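At position 114 of the sequence shown (counting the first as 1) the number is 114 in full-length UniProt numbering, and the numbers step up by one without a gap.
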Amino acid sequence: MISTPLPDFGPDSGGRLRGLTIVKPIVVGNIAKYFGKKREDDGHTHQWTVYLKPYLNEDYSIFIKKVHFKLHDSYANPNRILTKPPYEVTETGWGEFEVVIKIHFYDPLERPVTVYHILKLFQPGSDPTAPTVVKKSLVSEFYDEIVFQEPTLLTKSLIDSIRPMSSLVWKHEVDFEDKKKTSSAAIAEARGKVKVEIQDLKEKLKIAKETIAALKDAVANVQRENNESNPSSSSGTSASTKTKSSVTSEPVAGTSKALMS
């Protein structure tokens, strides 16, 4: 929790810093431990802890005012509010459900951020009604980020004042750095495959265009050969007309001679 007074930047928290984006990474998850049998008094089978913690060993209480965990309504007090780290809730139960985690900030102009986490008690794909034989703890956690788009001057000032944790050392059950490397390698491999497929499609497209052009040329050649082998219909009509004209002129000339004789 903040031990020093908040800087006074006025009612507008110093105004928005245009074009600036601040990202603070977090880890959200839960760890669950099977009792070994169902409790007789309430039927609960697991003890679990749901949590939100900084990705790095930093004290986020400098800018986080409180973290609100909303549990299943079947719990006597489903709303758990924590004002200082560690931001976690430990309970017992028998079923999985969605936990709503809302992060509130000291800067009143920054809207709360809501994160959702499915509380996991059983191994993925297992039957919850079957006897549980796994004795080790089950962990389900993921990486996320709090993103401040154009934060106020107050928020930036608070985040710039973040100190390393002295009393707590954040440890993650998942090796996110290794997971990041593995994911990056998988993405690079996928990009390589996509690049090869795109090149292959370009080659096929090129061949298709060349085939279409060749077919068009072949059709044009056939049409040109047909035109050259068959005279035009207009030329034949003109010659026939001229012949008829010369034949009909003879009787006229003969008649004229007969009359004169």
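Don't be surprised by glycine CBs; every beta carbon is placed ideally from N, CA and C. The structure displayed is predicted, hence computed values, not measured ones.
Residue pairing for residue 48: DSSP places it in a beta bridge opposite 32 and 91. Under the three-pair Cβ rule at 8 Å, the segment 182 to 200 does not count as touching the segment 78 to 98. CA-to-CA, the gap between residue 56 and residue 20 works out to about 21 Å. Here residue 162 carries a coil assignment [DSSP, helix/strand/coil].
If you draw a straight line from the Cα of residue 81 to the Cα of residue 198, it comes to about 52 Å. Between the alpha carbons of residue 163 and residue 63 lies a gap of roughly 11 Å.
A direct Cα-to-Cα measurement between residue 202 and residue 196 gives close to 10 Å. If you draw a straight line from the Cα of residue 11 to the Cα of residue 102, it comes to about 24 Å. Taking a 10 Å sphere around the C-beta of residue 230, we find fewer than 16 other C-beta atoms and assign the residue as exposed. Residue 57: not part of any beta strand (DSSP E); DSSP gives it neither H nor E. DSSP places residue 107 in the coil class of the three-state scheme, outside both helix and strand.
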